[in-house]
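Accompanying notes for the structure given below.
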Amino acid sequence: MRFANGIRKHAKKIAIGERPTSALEETLTTATEEMPQAPAHRVAKDALDVSMAWAVIGIFAILSLTAVYQMSLILIPVTLAVVVGMILGMAAEKLGKLGVPPVTNAVILSSAVALVILLLANSLADPLTTLANEAPAFIERTINRIMPYLEQIRWLRITPATFESGPVSIDALLENTGNVLHLVTTNLTPALVQALIFFAALLLFLSGRVKLRRTIILAFRTRRQRLAAIRVISSVEQVLGFYFATASVIYAGLGVVMAMIAWAGGLSAPVLWGFFAFLSSFVPYLGITMMTFAIAVAGILTHDGIILGLLPAAAFFLVHLVMENLVFPAVMGRRLEINPFIVFVAIIFWTWMWGAVGAMLALPLSLIVMTIIEELFIGEKVQPQLPK
Numbered sequence: 062m063r064f065a066n067g068i069r070k071h072a073k074k075i076a077i078g079e080r081p082t083s084a085l086e087e088t089l090t091t092a093t094e095e096m097p098q099a100p101a102h103r104v105a106k107d108a109l110d111v112s113m114a115w116a117v118i119g120i121f122a123i124l125s126l127t128a129v130y131q132m133s134l135i136l137i138p139v140t141l142a143v144v145v146g147m148i149l150g151m152a153a154e155k156l157g158k159l160g161v162p163p164v165t166n167a168v169i170l171s172s173a174v175a176l177v178i179l180l181l182a183n184s185l186a187d188p189l190t191t192l193a194n195e196a197p198a199f200i201e202r203t204i205n206r207i208m209p210y211l212e213q214i215r216w217l218r219i220t221p222a223t224f225e226s227g228p229v230s231i232d233a234l235l236e237n238t239g240n241v242l243h244l245v246t247t248n249l250t251p252a253l254v255q256a257l258i259f260f261a262a263l264l265l266f267l268s269g270r271v272k273l274r275r276t277i278i279l280a281f282r283t284r285r286q287r288l289a290a291i292r293v294i295s296s297v298e299q300v301l302g303f304y305f306a307t308a309s310v311i312y313a314g315l316g317v318v319m320a321m322i323a324w325a326g327g328l329s330a331p332v333l334w335g336f337f338a339f340l341s342s343f344v345p346y347l348g349i350t351m352m353t354f355a356i357a358v359a360g361i362l363t364h365d366g367i368i369l370g371l372l373p374a375a376a377f378f379l380v381h382l383v384m385e386n387l388v389f390p391a392v393m394g395r396r397l398e399i400n401p402f403i404v405f406v407a408i409i410f411w412t413w414m415w416g417a418v419g420a421m422l423a424l425p426l427s428l429i430v431m432t433i434i435e436e437l438f439i440g441e442k443v444q445p446q447l448p449k
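If you want it as structure tokens, here you go:
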């Protein structure tokens, strides 16, 4: 068969007039034309082959998710450091243009992040200590407050004697509170290890950010692929930096408003409520739901009337609704809109994988994926039709 193909190539050169033909070559050409063509072998895949291919892909995906879950102790701080480093990319670029060396740049930005965390921890230390010391009185006051409402629900069969003995008694609740504190203290060492990994990864990522970016770009061979890599990396840094810089300012204002609502509504530790409002706003949908429910419970426990107790929660929900639907779109524009269902699924998935930190990382990871898809498929975007 290879001999026949060689004869065909030789005959093709003769046919296009590359050189004069002889009697032998004419004979070879005629014989070649009479030869049967080599059949094109194409392997047809049946349903079993397709199923096997998808099964391999599914097994690989399951193993990858298992590895991500099992390596959460390392992957959580490293991923958080990379996301924070990309958020600080715009600030790093400005410091680099001012002539600041990369190592000094990394030290300045990492120290700034550590300083902000320390200031927040210091400001929240007193309210958290007060809340821990008042936990027994708070539990007893909560039981006395909700008892009249529970007695009205007859099928629950709850009476004041229910809280005097058994698993829901005050002593049992205090014992469970001690178990929770013990659980927190036992998890303190892994948290400190993750904090050290986070700051080390952030410092190294910021110091080697330019070299890492160059390595990723040069890993592609063609000029088109390298230009696409440059465009994707730059767009991701701009989107994350712009989004979180703007969101931090808006949500900080929301935290201040929440502190004022808590103070006016008679809630204890208004600074703590403001901080939780600021932090929970970075978790779409779930954050506002949990925050509103917590404020409602605290208001009911604080005030005698139901309506008066629900006023702080209603005020916070109204302010958050205005910021999310009017202020935030007006500042951010429509270019960073993500499908709400995709964001919700991402939050549920990453919360299941990595807990509270995963819930906070769900939105930035969704923004990164969205930006990559938009930049890679930029040629397929529908262009607006201009009037003629």
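Each number in this note's numbering comes from the position in the sequence shown (counting from 1) with 61 added on. The beta carbon of each residue, even a glycine, is placed where N, CA and C say it ideally should be.
Distance from the CA of Ala142 to the CA of Leu136, rounded to the nearest whole angstrom, comes to 10 Å. The segment 372-389 makes contact with the segment 313-321, as at least three CB pairs between them are under 8 Å. Contact annotation: Ala167 and Phe266 have beta-carbon atoms nearer than 9 Å. Between Tyr312 and Phe337, the C-beta spacing is not below 9 Å.
In summary, Gly419 is buried, with 16 or more beta-carbon neighbours lying within 10 Å of its beta-carbon over all protein chains present. Counting C-beta pairs closer than 8 Å gives fewer than three between the segment 158-177 and the segment 288-303, which falls short of the contact rule. When secondary structure is reduced to three states using DSSP, Leu149 falls in the coil class, being assigned neither helix nor strand. With a beta-carbon spacing of about 4 Å, Gly360 and Gly370 fall inside the 8 Å limit used to define contacts. Within its own chain, the residues whose Cβ lies closer than 8 Å to the Cβ of Ile277, once the five positions on either side in sequence are excluded, are Ala290 and Ile294, listed in chain order. By the criterion of a C-beta distance shorter than 8 Å, Met414 is surrounded in its chain by Leu126, Val129, Tyr130 and Ser133, once the five residues flanking it on both sides are discounted.
Taking a contact as a CB-CB distance under 8 Å, the pair Ala262 and Val139 counts as one, their CB atoms being some 5 Å apart.
The three-state reading of DSSP puts Asp107 in coil, since its state is none of H, G, I, E or B.
For Phe303, the enclosing alpha helix (DSSP H) starts and ends at Arg284 to Ala325.
Taken atom to atom, the span from the alpha-carbon of Val161 to that of Ala308 is near 27 Å. CA-CA distance, Ile429 to Phe405, rounds to 16 Å. Contact annotation, Ile148 with Phe305: C-beta distance approximately 5 Å; criterion of less than 8 Å satisfied.
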